[in-house]
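Going left to right, the sequence shown walks through residues 4 to 137 as the numbering used here numbers them.
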Amino acid sequence: MVLGGELGGRWAGTPVGARAFWNLQIFREIGMRIDVVGRQLDLTDAIRSHAESKASKLTKFYDGVQAIALTISRIDHHKIAHYDVELRVDVEKHADFVSHSTGEDVYAAIDDVVQKGSRQLADFKEKLKTENRG
4 MVLGGELGGR
14 WAGTPVGARA
24 FWNLQIFREI
34 GMRIDVVGRQ
44 LDLTDAIRSH
54 AESKASKLTK
64 FYDGVQAIAL
74 TISRIDHHKI
84 AHYDVELRVD
94 VEKHADFVSH
104 STGEDVYAAI
114 DDVVQKGSRQ
124 LADFKEKLKT
134 ENRG
């Protein structure tokens with residue numbers, strides 16, 4: 004069975020279950036769930052894949068990452084669009100790490116918010132190491 008236009012965009016014309024299979028493949032490769040959500044903008048494949056590839060690198064900073072959620076919002080200021088990107092990282096034994104970035108370029112805002120999230124995770128891991136030593 005092939006989906007018609009009810010989903011539209013990225014999944015129009017793909018077999019039923021293909022999206023679930025694709026998400027399962029990502030989960031098996033990196034061991035966590037990555038959600039990319041667009042608010043007031045259509046997420047293109049390029050934006051989604053850029054966000055997923057950047058977010059998947061966060062596991063090298065802390066092994067306890069369980070899920071990552073990126074929310075990309077378009078904020079219209081007259082003719083110039085600004086993008087607000089929120090990164091929420093769910094980790095074991097700690098509250099979620101949240102970071103925000105705003106910019107006119109959505110790719111730069113994604114890079115910036117992932118950089119902030121990686122710094123938070125690296126600092127948390129270092130804090131855990133120093134607490135265990137003493």
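By construction, the Cβ of each residue, glycine as well, lies at the ideal position given by its N, Cα and C atoms.
What you are looking at is a predicted structure, and each value in this text was computed from that prediction instead of being measured.
Three or more Cβ pairs closer than 8 Å define a contact, and the stretch 68-81 meets that threshold against the stretch 36-46. With fewer than 16 other Cβ atoms inside 10 Å of its own Cβ, Gln43 counts as exposed. Following the DSSP letters along the chain, one finds Asp114 in no beta strand (DSSP E) but inside the alpha helix (DSSP H) bounded by residues 109-136. Residue environment analysis places Ala49 among the exposed positions, since fewer than 16 neighbouring C-beta atoms fall within 10 angstroms of its C-beta.
Judged by DSSP in its simplified three-state form, Thr105 adopts strand.
One alpha carbon belongs to Asp93, the other to Gly120, and they sit about 11 Å apart. From the listed residues Glu55, Ala112, Ala58, the smallest Cα separation to His103 is found for Ala112. For His53, the uninterrupted alpha helix (DSSP H) run begins and ends at 48-59, by DSSP. Under DSSP, Asp38 shares a beta bridge with Ala72. According to DSSP, residue pairing for Asp79 in a beta bridge involves Ala84.
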